[in-house]
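Input: a single structure, listed below in structure tokens.
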Amino acid sequence: MMIKETSLRRDPDLRGELAFLAKGCDFVLPSRFKKRLKIFQQTQIQNKQEKKLGTPLVPASGVGSSPRPLSPLLRVNNVAINVPLSINIPQFYFPKGLPDTCANHEQTLNRIELAFMELEDQKADIYEMGKIAKACSCPFYWKAPMFSAAGGERTGFVSVHSFIAMWRKLLYNFHDDASKFVNLLAKPNCSCLEQEDFIPLLQDVVDTHPGLTFLKDAPEFHSRYITTVIQRIFYTVNRSWTGKITLTELRKSNFLQTLALLEEEEDINQITDYFSYEHFYVIYCKFWELDSDHDLYINQTDLSRYNDQASSNRIIERIFSGAVTRGNVVQKEGRMSYADFVWFLISEEDKRNLTSIEYWFRCMDLDGDGVLSMYELEYFYEEQCERMEAMGIEPLPFHDLLCQMLDLVKPELDGKITLKDLKRCRMAHIFYDTFFNLEKYLDHEQRDPFAVQKDVENDGPEPSDWDRYAAEEYEILVAEESASEQLQEGSFEEYEADEPVPPSELGNKGDKIVISGLSEKCGKLHSVDEE
Ligand SMILES: [Ca+2]
Ligand SMILES: [Ca+2]
Numbered sequence: 001m002m003i004k005e006t007s008l009r010r011d012p013d014l015r016g017e018l019a020f021l022a023k024g025c026d027f028v029l030p031s032r033f034k035k036r037l038k039i040f041q042q043t044q045i046q047n048k049q050e051k052k053l054g055t056p057l058v059p060a061s062g063v064g065s066s067p068r069p070l071s072p073l074l075r076v077n078n079v080a081i082n083v084p085l086s087i088n089i090p091q092f093y094f095p096k097g098l099p100d101t102c103a104n105h106e107q108t109l110n111r112i113e114l115a116f117m118e119l120e121d122q123k124a125d126i127y128e129m130g131k132i133a134k135a136c137s138c139p140f141y142w143k144a145p146m147f148s149a150a151g152g153e154r155t156g157f158v159s160v161h162s163f164i165a166m167w168r169k170l171l172y173n174f175h176d177d178a179s180k181f182v183n184l185l186a187k188p189n190c191s192c193l194e195q196e197d198f199i200p201l202l203q204d205v206v207d208t209h210p211g212l213t214f215l216k217d218a219p220e221f222h223s224r225y226i227t228t229v230i231q232r233i234f235y236t237v238n239r240s241w242t243g244k245i246t247l248t249e250l251r252k253s254n255f256l257q258t259l260a261l262l263e264e265e266e267d268i269n270q271i272t273d274y275f276s277y278e279h280f281y282v283i284y285c286k287f288w289e290l291d292s293d294h295d296l297y298i299n300q301t302d303l304s305r306y307n308d309q310a311s312s313n314r315i316i317e318r319i320f321s322g323a324v325t326r327g328n329v330v331q332k333e334g335r336m337s338y339a340d341f342v343w344f345l346i347s348e349e350d351k352r353n354l355t356s357i358e359y360w361f362r363c364m365d366l367d368g369d370g371v372l373s374m375y376e377l378e379y380f381y382e383e384q385c386e387r388m389e390a391m392g393i394e395p396l397p398f399h400d401l402l403c404q405m406l407d408l409v410k411p412e413l414d415g416k417i418t419l420k421d422l423k424r425c426r427m428a429h430i431f432y433d434t435f436f437n438l439e440k441y442l443d444h445e446q447r448d449p450f451a452v453q454k455d456v457e458n459d460g461p462e463p464s465d466w467d468r469y470a471a472e473e474y475e476i477l478v479a480e481e482s483a484s485e486q487l488q489e490g491s492f493e494e495y496e497a498d499e500p501v502p503p504s505e506l507g508n509k510g511d512k513i514v515i516s517g518l519s520e521k522c523g524k525l526h527s528v529d530e531e
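Mapped onto UniProt numbering, the consecutive letters of the sequence shown carry residue numbers 1 to 531.
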């Protein structure tokens, strides 16, 4: 059928109908008009297309031969027509993990029931929960959170019924390790983990891991070790600094894998991420040295004594100004807790990890606008210059230093250094030391720049700066400890030391000595959790 006119309104028949409509008559568009309306619309589309391309004819069959699958938005001669969605898009977002359709949950539950059958009265106390965890195919050290989740903390045991009920709910609703773990540890109706949620799990690690038996007998130190591990977990895993670990953060981290390693590795010091006792020992001793009145808080003056006044006063002032507080925690004026010190020490000794780069960026960004501007760099460099002059070293003029630093960081925007720039350049440690750690700055200056470059390029499974620092410091602390002990053995004075005994030494002695030695030392300490 040919349509000569461009407008249907000019069609004499339709005009007649429209006239009826205008008079208020009941109007039903006859089917012949519907047909003509459709043809008319198609012709309109075709005309537009021809005008666009400047060619008189375009084959209308081009669409059908497209090799690509059709998208819901059909394109007719390049003109989009919305077609109602009839395609079912399968679910692609699984916040609770991808359900495993092959998993036979009932079989798993039967296995757990069998494991309970072997226990007296079909009840498990905390010591038997390990067997139940394994029957659930879970890592061994999930046992304490499992025990609490099934109500064991209230009654001292879990019955087969309460456990199966709890586990059935978990199996059918949470489909991967991370979501199961969060559900076990988190408070009711909470989908993220806060610091205290880790306490039962870590207390159980202290109580039952073979690598921590000496610590088990020194309850005064349990909370310090647990505080340290919790801070290390949040330092690494809680990338958002909110104080709440989300499922996504947990999945992206290596925490669950590391936790699973605990049951295979008897020497806890081999697990340098989070759990190492030696690392705890180093952090705690470093704090103990600074906390002269041993109230478990340090002030600015105390912290400035760290590593022979290596950090500048201006950066320490910034730390105490609340620049690096996390979540809603308000830092009490003028003092730093042991937990905050863990963050400081790791950041100070390993300026390459992401949290450390963020930590120091927050400190240096005086106006909090998200970039380090020239005046901020100058402010920190000023103190470095004063110190160098006092040492008889001629400092590089700020302008020259600035050129060097911009060359090192290569910021995307001229004269403005962002967090992204610092993370990308992989030289953040050198950059930061230049502005607030004189000793390390001078060290870097004396090093062969090519060696520095090589360091950066070596990206393999090298130990981190933190691992290296902790291992070296541990050696030194143990050597100091044994030297002072030899001195004391020579005298008849009552033995009284200020530090916890290094575990390697303890391992060589009987348990009795360990307990007495530690309690003597702990008598003077207050619990970290007291306030
Ligand atoms: Ca103190
Ligand atoms: Ca700024």
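Just so you know, even glycine gets a beta-carbon here, dropped at the ideal spot from N, CA and C. Please read all numbers here as calculations on a predicted model, not as lab measurements.
Cα separation between K216 and H444? 42 Å
Provide the residue(s) that pair with V158 in DSSP beta bridges, ordered along the chain. A124
With DSSP collapsed to three states, give me the class of T418. strand
Exposure label - F94; buried when at least 16 CB within 10 Å: exposed
With a cut-off of 8 Å on the beta carbons, I'd call H175 and Q203 a contact; round off their distance for me. Contact flag wrong, Cβ pair sits at about 28 Å.
Within its chain, find whatever has a CB closer than 7 Å to the CB of E113; leave out the 5 residues flanking it on each side and keep chain order. V160, I164
Beta-bridge partners of I245, as assigned by DSSP: L193
Could you give the uninterrupted runs of the alpha helix (DSSP H) lying entirely in the UniProt domain "EF-hand" (352-387), keeping only those of 4 residues or more? 354-364
Compare the C-alpha of G151 against each of L185, L377, L119, L250 and name the closest. L185
Buried versus exposed, by CB contacts within 10 Å (16 or more), H294: exposed
Between the alpha carbons of K509 and F214, how many angstroms are there, rounded? Legend: pLDDT at K509 = 36, less than 50; position of this residue unreliable, no value from coordinates given.
Pairing CB atoms from the region 430-437 with CB atoms from the region 378-390, are three or more of them under 8 Å? yes
Is S297 close to ligand 1? I mean its beta-carbon at under 6 Å from any heavy atom of the ligand. A quick correction: the sequence has Tyr, not Ser, at residue 297. Yes.
Given a cut-off of 7 Å on the beta-carbon distance, is the pair E473 and V282 in contact? yes
With a threshold of 6 Å, establish whether the CB of residue 534 neighbours any heavy atom of ligand 2. With the chain covering only 1 through 531, there is no way to say anything about residue 534.
So who's on the other strand from Y297, going by DSSP bridges? S337
Ends of the alpha helix (DSSP H) at residue 556? It is not possible to answer for residue 556, since the shown part of the chain is limited to 1 through 531.
To the nearest angstrom, how far is the alpha carbon of R111 from that of A135? 6 Å
Helix, strand or coil for N437? Go by DSSP, reduced to three states. strand
Based on the DSSP output, what are the partners of L413 in its beta bridges? K416
Meets three-Cβ-pair contact criterion under 8 Å: the region 258-268 and the region 135-148: yes
Simplified DSSP assignment, three categories, for S484: helix
First and last residue of the uninterrupted alpha helix (DSSP H) at F147: 143-149
Reducing DSSP to helix, strand and coil, say where S311 ends up. strand
If I'm right that I233 touches Y274 with Cβ under 8 Å, what's the distance once you round it to whole angstroms? 6 Å
Residue range of the unbroken alpha helix (DSSP H) whose run includes Q91: Unbroken run through Q91: none, as it is neither H nor E.
Which value, in whole angstroms, describes the spacing of the CA atoms of S179 and S253? 13 Å
Apart from the five residues just before and just after E265, which ones in its own chain have a Cβ nearer than 8 Å to its Cβ? G211, I271
So, helix, strand or coil for M166, using DSSP? helix
Would the beta-carbon of D340 be found less than 6 Å away from any heavy atom of ligand 1? no
beta-carbon D421 near ligand 2 non-hydrogen atom, thresh 6 Å: no
Enumerate, from N- to C-terminal direction, the unbroken beta strand (DSSP E) stretches of 3 or more residues contained entirely within the region 174-219. none
Does the distance from the CB of C285 to the CB of L477 come in under 7 Å? yes
What residue range does the alpha helix (DSSP H) around G130 cover? 129-135
Beta-carbon within less than 6 Å of S276's beta-carbon, same chain only, minus the 5 sequence neighbours each way: which residues are those? N269
Does DSSP put T227 in a helix, a strand or coil? helix
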